[in-house]
Structure formats: C-alpha cells, structure tokens
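Colleague:
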Amino acid sequence: MAARRIPRAFFARPTLEVARDLLGARLVRVEADGSRTAGIVVETEAYIGERDQGCHARAGRTPRTAVMYGPPGHAYVYFTYGMHWLFNVVTEEEGFPAAVLVRALVPTEGLPRIAQRRRGRPPREWANGPAKLCQALDITGLDHGRDLCSADAPLFFEFARSFPPESVTTGARVGLNTVPEPWKSIPWRFIVRPEAQAALASG
DNA sequence: AGCACGATTAACT
DNA sequence: GTTAATCGTGCTC
88 MAARRIPRAF FARPTLEVAR DLLGARLVRV EADGSRTAGI VVETEAYIGE
138 RDQGCHARAG RTPRTAVMYG PPGHAYVYFT YGMHWLFNVV TEEEGFPAAV
188 LVRALVPTEG LPRIAQRRRG RPPREWANGP AKLCQALDIT GLDHGRDLCS
238 ADAPLFFEFA RSFPPESVTT GARVGLNTVP EPWKSIPWRF IVRPEAQAAL
288 ASG
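First residue of the first sequence? That's 88 in this note's numbering, and the numbers climb one at a time after it.
1) What's the C-alpha gap between S232 and Q284?
2) Going by DSSP, what residue range makes up the beta strand (DSSP E) through S190?
3) Give me the Cα-Cα distance between G136 and A90, rounded to the nearest whole angstrom.
4) Report buried or exposed for G160, applying the criterion of at least 16 other Cβ atoms within 10 angstroms of its Cβ.
5) Checking 8 Å against the spacing of the C-beta atoms, do G126 and L192 come in under that value?
6) Hey, how far is the Cα of P274 from the Cα of T257?
7) According to the Cβ coordinates, are A223 and P241 closer than 8 Å?
8) For the segment 196–207 against the segment 135–154, do three or more pairs of beta-carbon atoms, one drawn from each stretch, fall closer than 8 Å, so that the two count as touching?
9) Considering E132, what are the terminal residues of the beta strand (DSSP E) in which it resides?
10) Given this structure, state the Cα-to-Cα distance separating Y168 from A218, to the nearest angstrom.
Below you can see the structure in the form of structure tokens.
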C-alpha cells in the first residue's frame, strides 16, 4: 500500500510546527526511469519572515526569494558557496515569506543510486548535511519553485513516521555566523536524536 | 562595475 | 581545528 503524500495544508501552518512535524517524513525523488530515491527527514531548520535576520527574506522580495512569498508546498532551492544546492519547502500562507530547510536524511530507497552520486563516501555521509542530501537526491536549481504537492510531482514528501518529544532536540541554526541576536541563537533547529535515527535503518 | 560573503563540504594539519 | 574551493546575490560606489 502506497504511503500518503503530504498535502499543501500541512505546509500552510506556522513554520515551527512544520519544521518539527517534518521530522520522520519521507522525502522522495522519482527518477527519470520511474524508480525512487528517498530518505527519512531527521534534521530541519525554520526561517520565518522578513524580521528573521537569518532568513534570506530579510532583504525583502528579490528574484531569488520570490518563491518564499508564494504559496506553501513549493521548493525553495538556492545555490551557495559557489558549489552547493540547499533545499527548502515554503510554509505559511501565500504572501508571508517563510520556509523549512531540510538539513539531513537517513536514506531508505534507491541506495545504489545514492551511493553512485555520493561516490567514495561511507553510507553515514550520504545525506547527513543540507548540500549532501541534495546530491543524494539530485536536487538542483531545476527543482527551484517546483510544486511538491501536485499529483504528478517528481519530488514530494510522504507521511512515514513520527517521533515522540523525547526523540527530538532543538538548538541554534547552523552557519549564521554574522547574523545578529536573537536570531543567531534562537532554537529553530530540530534534530532527531542519534539513537532514534539508528532505529530507522532497521525499520 | 566592483566587492564581500554565504542556511557548506572535504581535505588538510 | 583550519582552510580552499567557487560563484550568485545584494549592497555600495
């Protein structure tokens, strides 16, 4: 029985709720040959509005950030450090710029293909970072703006698992070195504890 | 037109 | 722990 795709209403909620509830969801890429590569989301971060000085929308609406102002459930994919793609899903109601950055997956499907894309690295490092998971699932600028909730989307989320509060930790978002407080330290990062992640591999 | 820097990664010492 | 790689973006001149 096929798992249910996560509908747009899930993303049309407060970004912190979406970031927390996305832990345990399955991010799925349908490959050109129809096969799937996928993994369970185990780490996310929330970026919320123009006042959030860690959010790209702090500069207002620009060509790059326009997607964040659009309807929820769409992909906000951007290029950074001259070489890496990072994947977010747009949240909240249309007109309010916010998104959840997916920072790590535990790969569960299409492992040979993922191994090929992450050639030379051990399985543990296949998708344990925001740019790594984009490599693993071949997420690039071509996916920017894509609707992840349409029936024929080749990239989407599925309901898969849920984690109890004791399996989740929070902390400051990563990489905001020059961002002023309180935004730099506000605990908008959500992580599935390592023990709980280990259980995913076997089940 | 020029510039500083980034929601990172991998390879170093 | 430190640092190079590498280029689009937004800001200043």
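Backbone N, C-alpha and C fix where the C-beta goes; we use that ideal spot for every residue, glycine too. What you are looking at is a predicted structure, and each value in this text was computed from that prediction instead of being measured.
Modeller: According to the structure data:
1) To locate residue 232, count along the first sequence from 1; it is residue 145. To locate residue 284, count along the first sequence from 1; it is residue 197. It is Gly, not Ser, that sits at residue 232 in the sequence shown. Computed Cα separation, rounded: 30 Å.
2) Position 103 of the first sequence holds residue 190. The sequence shown places Arg at residue 190, not Ser. R190 -> beta strand (DSSP E) spans 185–196.
3) Sequence index remark: in the first sequence, residue 136 carries index 49 (1-based). Sequence index remark: in the first sequence, residue 90 carries index 3 (1-based). In a straight line, the C-alpha of G136 is about 32 Å away from that of A90.
4) Along the first sequence, read from residue 1 onward, the residue named residue 160 stands at position 73. Answer is buried; the Cβ neighbour count reaches 16.
5) Along the first sequence, read from residue 1 onward, the residue named residue 126 stands at position 39. Along the first sequence, read from residue 1 onward, the residue named residue 192 stands at position 105. The answer is yes: Cβ separation under 8 Å.
6) Counting from 1 along the first sequence, the entry for residue 274 is found at position 187. Counting from 1 along the first sequence, the entry for residue 257 is found at position 170. Going by the C-alpha atoms only, they are around 6 Å apart.
7) Working through the first sequence from its first residue, we reach residue 223 at position 136. Working through the first sequence from its first residue, we reach residue 241 at position 154. Cβ atoms of A223 and P241: not closer than 8 Å.
8) no
9) Here residue 132 refers to the residue found at position 45 when the first sequence is read from its first residue. Looking at the DSSP string, the run of the beta strand (DSSP E) that includes E132 is 123–135.
10) Taking the first residue of the first sequence as position 1, residue 168 is located at position 81. Taking the first residue of the first sequence as position 1, residue 218 is located at position 131. Looking at the two C-alpha atoms, the distance is approximately 11 Å.
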